[in-house]
Amino acid sequence: MTGEKVACLHDATSAFDHEDNLDGQSDKQGHTRSDRAAIYGRFLIRKNLRWTGHLMRMSLDRLPKQLLYSQLSSGHRKRGRPRLRFKDTIKRNLKLRDIKTDSWTSLSQQRDKGEQ
């Protein structure tokens, strides 16, 4: 593992090792509950984008890639706010990381050419 991956895993796991006091004080390491949520959120976004890049590099005959580009031919959605689709979370995470949503597919393909 690279140093960055180890540091991210360390931050994500060590932040959850200690409990907060009930009065809102931070634990011995100085992590508050909101700090831990932010660390965990960044970790999940990174994992989501890494998996999405992996999907984009798959061949078209693989089932996960087919599911990414497929659409339901029939059915309806429930009333109210619709549940987020995987595509919606990808776009949201790309915007959070300041990656253009129209060029992310080409960025994921560049990994094969040398940025490994």
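The opening position of the sequence shown corresponds to residue 231 in this note's numbering, with each subsequent residue numbered one higher.
Positions of the beta carbon are idealized from the N, C-alpha and C atoms, including for glycine.
Please read these numbers as outputs of a predicted model, since none were measured by experiment.
Relative to the Cα of Arg315, the nearest Cα in the group Arg287, Arg266, Leu326 and Leu297 belongs to Leu297. Taking each of Leu302, Leu274 and Met286 in turn and checking the Cα distance to Lys295, the smallest one comes out for Met286. Taking the CA atoms as reference points, Arg307 sits about 25 Å from Asn278.
In the displayed model, Asp291 falls within coil according to three-state DSSP, outside both helix and strand.
Going by beta carbons, Asn323 and Ile275 fall inside the 7 Å limit. In the displayed model, Gly310 falls within coil according to three-state DSSP, outside both helix and strand. Annotated as proximal: Ser338 and Gly283, with beta-carbon spacing under 7 Å.
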